[in-house]
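One structure is given below, encoded as structure tokens.
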Amino acid sequence: MPTHCTICERIKLIQQHQNPYFVRELTTGYVVLADSQHFEGYTLFLAKSHVTELHHLAAHDQLLFLEEMSLVQEACAQAFHADKMNIELLGNGDAHVHWHLFPRHTGDTAQPGPIWWTPLETIYGDDVQQDQLRLTRLKRTLNTALDSVLQRRQVEHHTVQHLTLPSLDSTDTD
1 MPTHCTICER IKLIQQHQNP YFVRELTTGY VVLADSQHFE GYTLFLAKSH
51 VTELHHLAAH DQLLFLEEMS LVQEACAQAF HADKMNIELL GNGDAHVHWH
101 LFPRHTGDTA QPGPIWWTPL ETIYGDDVQQ DQLRLTRLKR TLNTALDSVL
151 QRRQVEHHTV QHLTLPSLDS TDTD
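So for the sequence shown, our numbering puts the first residue at 1; every next one is plus one.
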């Protein structure tokens with residue numbers, strides 16, 4: 001772990017069972033609710049590996065991390081009835097690969113556009129910080145949606161494995 005990495009510190013709290021925002025562990029990362037919920041359901045997917053860029057992960061890990069992020073964003077959309085999902089991998093502030101997943105709704109900002117057009121004091125103000133009951137409800141809602149998405153994905157994966165596909169090497173020229 002680097003000298004100071006906010007994401008690594010959050011992961012350490014998860015491992016010590018002390019991160020109240022923790023939702024679920026997946027193979028490549030941790031699903032956590034963001035500290036602020038101005039955009040209800042705002043979720044982070046934190047890479048388990050401390051890397052600063054997606055391309056620093058091994059090829060297989062990149063693909064799995066992207067697939068799991070896609071499943072998490074699908075669960076967020078389902079859980080929080082999003083009209084649209086905004087998904088960002090930034091890292092300028094916290095140099096550790098992590099996704100920001102924002103469930104968006106029509107009219108949730110003064111003008112259509114990215115959430116960052118909203119003043120930071122609105123996004124992170126005291127009035128949108130978590131209380132324990134709301135946090136518990138949001139975590140339960142997201143966990144239920146994750147269960148549904150992951151279960152459906154397992155069924156789809158099992159079905160695909162048992163399909164018989166025609167060979168691409170076929171010399172048949174009908």
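Don't be surprised by glycine CBs; every beta carbon is placed ideally from N, CA and C. This structure is a prediction, so every number in the text was calculated from the model and none was measured.
In the three-state reduction of the DSSP assignment, F39 falls in the coil class, being assigned neither a helical nor a strand state.
No Cβ-Cβ contact shorter than 9 Å links A79 with R104.
Under the 8 Å Cβ criterion, the segment 62 to 76 does not count as touching the segment 130 to 140, having fewer than three qualifying pairs. Here DSSP, grouped into helix, strand and coil, assigns H50 to coil. Where F102 is concerned, the enclosing beta strand (DSSP E) starts and stops at H98 to R104. By the criterion of at least three beta-carbon pairs nearer than 8 Å, the segment 108 to 125 is not in contact with the segment 47 to 63.
DSSP places N92 in the coil class of the three-state scheme, outside both helix and strand. Judged by their CB atoms, H100 and L44 are nearer to each other than the 9 Å cut-off. With a cutoff of 9 Å on beta-carbon distance, V97 and E53 are scored as near each other.
It is roughly 14 Å from the alpha-carbon of I14 to the alpha-carbon of D35. Annotation: I123 to W116 spans about 9 Å, alpha carbon to alpha carbon. For F22, no alpha helix (DSSP H) segment is defined; the enclosing uninterrupted segment is the beta strand (DSSP E) at F22 to E25. Cβ neighbours of F102 within its own chain (closer than 6 Å, five residues either side excluded): F39, Y42, N86 and I115.
Its chain contains L46, D94, H96 and H98 as the residues whose beta carbon lies nearer than 7 Å to that of I7, once the 5 sequence neighbours on both sides are disregarded; these appear in chain order. With distances taken between CA atoms, G29 lies nearest to H50 out of H50, C76, G91 and H4.
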